[in-house]
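Residue numbering for the sequence shown follows UniProt numbering, beginning at 1 and increasing consecutively. Glycine is no exception: its CB is placed at the ideal position from the N, C-alpha and C atoms. See below for the structure under consideration.
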Amino acid sequence: MASPTLKLDPQAKVAPLAPLALAKLVSAADAAQSITLSFEDGVAPTLLLPNAAPVEGYVHIVRELASYYAQLGLSGADKDQSAQVNLYIGQGDNLALANFQTATAIADDLDQHLALRTFLVGHSITAADVAIWAAVRTSSPVIGLVKKGLHNHLQRWFNHIDSLAPVSDALVQLADAKAEKFKNKKTAAGFDLFLKDAQQGQVVTRFPPEPSGYLHVGHAKAAILNQYFARQYNGKLIIRFDDTNPSKEKEEFEQSIIEDLALLGIKGDVTTHTSDHFDTLYKYAIQMIQLGKAYADDTPQEQMRAERMDGIPSKRRDASIEENMTRFAEMSTGSADGRKWCLRAKLSFDDPNKAMRDPVIYRCNPDVSHHRTGTTWKVYPTYDFACPIVDSIEGVTHALRTNEYRDRNPQYQWMLDALSLRKVDIWDFGRLNFVYTLLSKRKLQWFVDNGIVGGWDDPRFPTVRGIRRRGMTIETIQEFILAQGPSQQIINMEWDNIWTINKRHIDPVVPRYVALDKEGVVKVSVKGAPKRHSKEMPRHKKNADLGNKVTVFDEVVYVEQTDARSFAQGEEVTFMDWGNVIIDSKQTDAAGNVLSIEATANLDGDFKKTKKKVTWLAPSASDASLVEVNLLDFDYLITKKKLEEEDNFADFVTPTSEFHSVALADHNVAALQQGAAVQFERKGYYILDKLAGKDGRADFIKIPDGKAATSASKVAPDVDTEAKKAAAAKARAEKAAAKAKKEQEKAEKKAKKAFEKGDGVGVVAGKVKAGVAAATAGLAGAIAARNATQDTDDTASKHFPEIIDSGKGKINMYDAPVITTNIPTPVTTKMYSMNKIL
């Protein structure tokens with residue numbers, strides 16, 4: 001028999017809490033009686049029962065569900081109770097839309113009715129409780145009255161219903177449905193307009209990683225966007241390994257990329273390799289030579305780079321087709337002579353777009369075995385040549401790539417035009433960068449090679465494995481990247497944004513435990529406390545599905561040294577999840593460290609009146625032993641938010657970026673599995689990285705929570721760092737001056753050449769224009785040089801005596817203050833979902 005189906009609009013003005021919570025109660029009472037839920041925008045609330053007409057409207061649906069599942073007691077135990085339930089269901093509908101005066105009158109009646117009752121009707125929950133609870137939840141006047149505490153019995157009842165697991169599940173599922181609908185609407189509206197000529201069922205995208213390293217967050221953005229468009233248009237996603245450089249590529253990297261994509265929830269419809277097409281690419285290279293669109297060149301690398309920069313043609317550019325064919329054949333054998341040559345496309349030698357200046361399309365590399373083709377090939381195509389050709393022949397319709405390749409887009413299309421191949425549309429998006437973060441494989445490899453990090457999965461690395469190990473969920477990565485949309489901007493994102501999203505995902509589903517810093521832990525003897533005993537407590541007060549933990553209570557407990565130091569004699573302090581104690585006395589040593597504390601129990605004291613709420617643990621005994629654990633925290637690998645082109649990243653390496661402390665943890669953590677995320681109360685979120693580290697203790701890595709304090713660099717700029725910044729500024733100034741000089745020499749050379757051809761007027765105009773450009777560049781260089789000088793010595797007063805008196809350190813009161821530290825703005829968050837951690 002088909003199960004009932006409930007259709008609801010998550011965005012409805014009056015939230016569909018009553019029918020949703022009732023459906024959850026049915027499922028909780030009997031899994032075999034589950035109700036199929038369907039969330040649709042704009043749909044009228046509808047209940048579809050087998051062999052019955054559709055039921056519409058909250059009141060009718062709640063009454064029908066209560067009747068349909070009468071055996072569960074939702075409509076009361078007998079006819080009288082059933083009549084009362086029906087009345088309350090109707091009253092709930094009135095209450096949800098009531099004004100303040102009407103709501104107050106109803107709240108007064110309910111409060112009186114609930115004085116001696118746990119439920120509105122009978123001795124178990126019914127549809128009446130669900131209907132009134134939903135009305136209170138959705139009515140601003142009523143929820144306000146409840147929170148004011150003027151209706152004690154109504155408030156007690158409401159809190160009880162609100163805490164029931166099926167009711168909590170309903171709230172979470174509704175929030176998830178709202179977030180999902182909003183996300184889909186937002187991403188669809190943001191992306192659809194940007195794929196040119198996209199047609200349903202015909203879009204083919206590709207993600208082409210080079211198997212020379214591990215995926216990082218930048219790659220993740222490309223992969224997720226490619227999959228998004230392929231699925232949005234019911235098309236196809238190709239995962240293609242761009243394996244054209246055997247010197248850097250390894251099969252282990254290919255396997256790691258496949259695993260990382262799986263972690264991201266990405267699975268291609270087809271997996272291919274550029275090496276699958278080496279035969280075809282080789283033939284196209286020969287065709288290019290025969291068409292006079294490619295030539296062999298043996299110009300030394302540095303000279304070739306300089307000639308391309310200055311727009312100077314290669315001496316081999318006009319070689320005959322026969323000569324080029326002979327040299328390419330020599331390259332293909334990997335001979336001593338062939339190694340000297342490369343093959344270049346004959347586009348232009350002086351195009352303003354330097355990416356168009358005769359790029360290399362084939363290189364000789366006979367000494368390294370390719371991880372798939374072995375030693376079959378001695379020559380390999382470059383990415384610039386292979387990418388457009390393979391895109392075309394594999395049927396790619398839209399090539400998505402970061403806009404750092406934008407200058408190469410004309411080159412991409414030129415290759416296709418030169419070989420008369422099918423065109424492919426290019427779609428640019430902004431590169432994803434983060435502050436204090438390096439994404440370059442070469443630079444990341446440097447950290448690995450120098451032993452600064454433990455590997456490519458180090459929690460400080462921006463690799464998919466690194467951030468997963470730090471505690472970031474896959475849902476967070478996907479949500480963050482899709483939220484960025486099709487932005488063309490290349491900006492440095494603050495890490496607090498993505499960690500805030502991560503907190504929203506993990507907070508509802510991670511259990512709570514206690515851990516105390518072991519160093520200086522203080523014993524507190526609590527007079528009047530019950531003798532040692534244990535009690536089951538919820539792992540998460542707002543998520544009963546996480547089950548219970550065993551908490552041990554004793555007459556003697558431990559607290560942290562920092563807490564103990566803050567206690568004043570006679571102060572009443574709340575020991576969390578236990579009760580209040582009054583501090584009688586403290587014993588300290590000469591340095592002020594607290595050695596022990598005597599206190600008196602006042603466990604029923606009012607916790608609202610205490611200023612301090614502290615964590616504690618009962619000492620180890622035969623029934624439960626405390627667990628020593630390592631708590632690890634990390635800083636960024638570099639001390640500068642954004643490195644300039646002239647900066648040497650090695651000059652900005654953070655001196656210490658890993659921090660360890662030993663803690664005494666709740667005995668319950670001994671049962672945790674590797675990869676489990678928890679919250680150590682008052683310390684933050686942690687992920688269990690290793691069950692037994694080097695010293696035998698479990699390693700817990702701190703998960704950033706998105707707050708400004710945890711997202712800021714832990715290293716304050718020191719003198720050396722400032723000196724490095726000044727040196728970098730000076731280097732930029734020198735580079736600007738050198739560039740200005742070079743531009744001036746180049747302009748004079750062109751002017752002289754034009755003059756020799758007799759274009760006198762053009763020469764004069766050219767000289768004037770060149771002179772202005774050179775003067776402007778020279779002035780910029782001079783200003784930069786002056787600024788660099790000011791950064792390296794204390795001569796500011798010589799330049800601006802009216803603002804700063806360097807001798808007395810006085811600052812002009814009318815001068816605008818200078819902000820010297822970038823402080824990330826904290827993001828206010830709201831809990832939307834309870835997605836499980838993968």
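Query - Residue range of the unbroken beta strand (DSSP E) whose run includes valine 121 - result: Residue mapping note: residue 121 aligns to position 121 of the sequence shown, counting from 1. Unbroken run through valine 121: none, as it is neither H nor E.
Query - asparagine 51: first and last residue of the uninterrupted beta strand (DSSP E) it sits in - result: What you label residue 51 is simply residue 51 of the sequence shown in a count that begins at 1. Where asparagine 51 is concerned, there is no enclosing beta strand (DSSP E), because DSSP gives it neither an H nor an E.
Query raised in the report: Going straight from the alpha carbon of glutamine 790 to that of glycine 706, what length do you get?
Result: Working through the sequence shown from its first residue, we reach residue 790 at position 790. Working through the sequence shown from its first residue, we reach residue 706 at position 706. In this prediction, glutamine 790 scores a pLDDT of 44, lower than 50, which makes its location untrustworthy; the coordinate-derived value is nonetheless stated afterwards. If I take the Cα positions, the gap works out to 36 Å.
**Report entry** lysine 13 to asparagine 94 span [Cα, whole Å]
**Finding:** By one-based count along the sequence shown, residue 13 stands at place 13. By one-based count along the sequence shown, residue 94 stands at place 94. Going from the Cα of lysine 13 to the Cα of asparagine 94 covers about 15 Å.
Query raised in the report: Does DSSP put valine 14 in a helix, in a strand, or in coil?
Result: Translated into the one-based positions of the sequence shown, residue 14 becomes position 14. Residue state, collapsed to three classes: coil.
**Report entry** Per DSSP, the bridge partner or partners of valine 513
**Finding:** Here residue 513 is taken as the residue at index 513 of the sequence shown, counted from 1. The question names valine, yet the displayed sequence has tyrosine at residue 513. DSSP, once it has assigned bridges, lists Phe680 as partnering tyrosine 513.
Query raised in the report: CA-CA distance, lysine 328 and proline 366?
Result: Here the question's residue 328 lines up with position 328 in the sequence shown. Here the question's residue 366 lines up with position 366 in the sequence shown. Note on residue identity: the sequence assigns phenylalanine, not lysine, to residue 328. When rounded, the distance between both Cα atoms is 14 Å.
Query raised in the report: Looking at the structure shown, is tyrosine 228 part of a helix, part of a strand, or coil, going by DSSP?
Result: Position 228 of the sequence shown holds residue 228. In this structure, tyrosine 228 counts as helix in the three-state DSSP scheme.
Report task. Grab the span of the alpha helix (DSSP H) containing serine 163 for me, first residue to last. Result -> For the purposes of this step, residue 163 is taken as residue 163 along the sequence shown, with counting starting at 1. Bounds of the alpha helix (DSSP H) holding serine 163 are 152-163.
Query raised in the report: In or out: threonine 825 buried (at least 16 other Cβ within 10 Å) or exposed?
Result: Mapped onto the sequence shown, residue 825 falls at position 825. Confidence is the limiting factor: at threonine 825 the pLDDT is only 36, short of 50, which leaves the residue's position unreliable, though a coordinate-based value still follows. Exposed, by the Cβ-count rule.
Query - In DSSP terms, what valine 55 is bridged to - result: For this step, residue 55 is matched to residue 55 along the sequence shown. For valine 55, which the question treats as bridged, DSSP gives the partners Leu47.
Query raised in the report: By the 10 Å Cβ neighbour count, where 16 or more other Cβ atoms means buried, how is valine 62 classified, buried or exposed?
Result: Position 62 of the sequence shown, counted from the first residue, corresponds to residue 62. With 16 or more other Cβ atoms within 10 Å, it is buried.
Query raised in the report: Quick one: Cα of alanine 18 to Cα of asparagine 433, how far?
Result: Residue mapping note: residue 18 aligns to position 18 of the sequence shown, counting from 1. Residue mapping note: residue 433 aligns to position 433 of the sequence shown, counting from 1. Each residue's Cα considered, the two are about 45 Å apart.
Query raised in the report: So which of Gly430, Thr126, Gly311 and Val55 has the shortest CA-CA distance to leucine 225?
Result: Residue mapping note: residue 225 aligns to position 225 of the sequence shown, counting from 1. Looking from the CA of leucine 225, the closest CA among Gly430, Thr126, Gly311 and Val55 belongs to Gly430.
Requested in this report: Would you mind sorting aspartate 80 into buried or exposed? The rule is 16 or more other CB atoms within 10 Å of its CB.
Outcome: Within the sequence shown, the letter at position 80 stands for residue 80. With fewer than 16 Cβ atoms within 10 Å of its Cβ, aspartate 80 is classed as exposed.
**Report entry** Residue nearest to proline 530 in terms of C-alpha spacing, selected from Leu516, Val556 and Lys542
**Finding:** Your numbering for residue 530 matches position 530 in the sequence shown. For proline 530, the closest alpha carbon among the candidates Leu516, Val556 and Lys542 is that of Val556.
**Report entry** contact_flag[the region 642-650, the region 689-706] where n(CB pairs < 8 Å) is 3 or more
**Finding:** In short, these stretches do not touch, since the Cβ pair count stays below three.
Query raised in the report: To the nearest whole angstrom, what separates the beta carbons of tyrosine 228 and glutamine 200, a pair I think is in contact under 8 Å?
Result: If you number the sequence shown from 1, residue 228 lands on position 228. If you number the sequence shown from 1, residue 200 lands on position 200. Not a contact, Cβ separation roughly 15 Å.
Report task. State the Cα-Cα distance for the pair glycine 520 and glutamine 71, rounded to the nearest angstrom. Result -> By one-based count along the sequence shown, residue 520 stands at place 520. By one-based count along the sequence shown, residue 71 stands at place 71. A straight line joining the alpha-carbon of glycine 520 with that of glutamine 71 spans about 59 Å.
Query raised in the report: Which value, in whole angstroms, describes the spacing of the CA atoms of serine 275 and lysine 642?
Result: For this step, residue 275 is matched to residue 275 along the sequence shown. For this step, residue 642 is matched to residue 642 along the sequence shown. Cα-Cα distance, rounded: 37 Å.
**Report entry** Identity of the residue in Phe241, Ala15 and Ala105 nearest alanine 131 by Cα
**Finding:** Counted from its first residue, the sequence shown places residue 131 at position 131. The candidate whose alpha carbon is nearest that of alanine 131 is Ala15.
Query raised in the report: When the distance is taken between beta carbons, is valine 121 closer than 8 Å to alanine 115?
Result: By 1-based counting over the sequence shown, the position of residue 115 is 115. By 1-based counting over the sequence shown, the position of residue 121 is 121. Their beta carbons are not under 8 Å apart, which means alanine 115 does not touch valine 121 by this criterion.
Report task. Rounded to whole angstroms, what's the CA-CA distance from threonine 402 to alanine 220? Just pull it up for me. Result -> As a position in the sequence shown, residue 402 is number 402, starting the count at 1. As a position in the sequence shown, residue 220 is number 220, starting the count at 1. When rounded, the distance between both Cα atoms is 12 Å.
Query raised in the report: alanine 294: which of Arg206, Trp341, Lys549 and Glu254 sits nearest, CA to CA?
Result: Translated into the one-based positions of the sequence shown, residue 294 becomes position 294. When each option's Cα is compared against that of alanine 294, the closest is Trp341.
Query - C-alpha gap between methionine 325 and serine 332, whole angstroms - result: Here residue 325 refers to the residue found at position 325 when the sequence shown is read from its first residue. Here residue 332 refers to the residue found at position 332 when the sequence shown is read from its first residue. Taking the straight line joining both Cα atoms gives about 10 Å.
**Report entry** Backbone CA spacing between asparagine 543 and alanine 165 [nearest angstrom]
**Finding:** Sequence index remark: in the sequence shown, residue 543 carries index 543 (1-based). Sequence index remark: in the sequence shown, residue 165 carries index 165 (1-based). So the alpha carbons of these two residues sit roughly 7 Å apart.
Report task. Return the CA-CA distance between asparagine 409 and aspartate 337, expressed in angstroms with no decimal places. Result -> Your numbering for residue 409 matches position 409 in the sequence shown. Your numbering for residue 337 matches position 337 in the sequence shown. In this structure, the CA atom of asparagine 409 is about 33 Å from the CA atom of aspartate 337.
Query raised in the report: Which of helix, strand or coil does DSSP assign to glutamate 64?
Result: To locate residue 64, count along the sequence shown from 1; it is residue 64. Note: glutamate 64 maps to helix in three-state DSSP.
Query raised in the report: Is it true that the CB of valine 669 sits closer than 8 Å to the CB of tryptophan 616?
Result: Here residue 616 refers to the residue found at position 616 when the sequence shown is read from its first residue. Here residue 669 refers to the residue found at position 669 when the sequence shown is read from its first residue. The Cβ atoms of tryptophan 616 and valine 669 do not sit closer than 8 Å to each other.
**Report entry** asparagine 433, DSSP secondary structure in three states
**Finding:** As a position in the sequence shown, residue 433 is number 433, starting the count at 1. Secondary structure of asparagine 433 (DSSP, three-state): strand.
**Report entry** Close beta carbons around threonine 382, own chain, < 8 Å, minus the five adjacent residues each side
**Finding:** Position 382 of the sequence shown, counted from the start, is the residue given in the question as residue 382. Cβ neighbours of threonine 382 beyond the five flanking positions: Thr244, Pro359, Val360, Ile361, Tyr362 and Arg363.
Query raised in the report: What residues in its chain sit with their C-beta under 6 Å from that of valine 85, if we drop five residues either side in the sequence?
Result: Here residue 85 is taken as the residue at index 85 of the sequence shown, counted from 1. Excluding sequence neighbours, valine 85 sits near Ser75, Gly76, Val121, Thr126, Ala127 and Ala128.
**Report entry** Beta-bridge partners of tyrosine 362, as assigned by DSSP
**Finding:** The sequence position of residue 362 within the sequence shown is 362, counting from 1. Paired residues: Leu343 and Pro381.
Query - Opening and closing residue of the beta strand (DSSP E) in which aspartate 596 lies - result: The residue given as residue 596 occupies position 596 in the sequence shown. A small fix is needed here, since residue 596 is serine in this sequence, not aspartate. For serine 596, the enclosing beta strand (DSSP E) stretches over residues 594-602.
**Report entry** Proximity below 8 Å, CB of alanine 198 to CB of histidine 398
**Finding:** Position 198 of the sequence shown, counted from the first residue, corresponds to residue 198. Position 398 of the sequence shown, counted from the first residue, corresponds to residue 398. A Cβ-Cβ contact shorter than 8 Å links alanine 198 with histidine 398.
Query raised in the report: Exposed or buried, what is isoleucine 89 when buried is set at 16 or more other beta-carbons lying within 10 Å of its beta-carbon?
Result: In the sequence shown, the residue the question calls residue 89 occupies position 89. Note on isoleucine 89: 16 or more other CB atoms within 10 angstroms of its CB, so buried under the neighbour-count rule.
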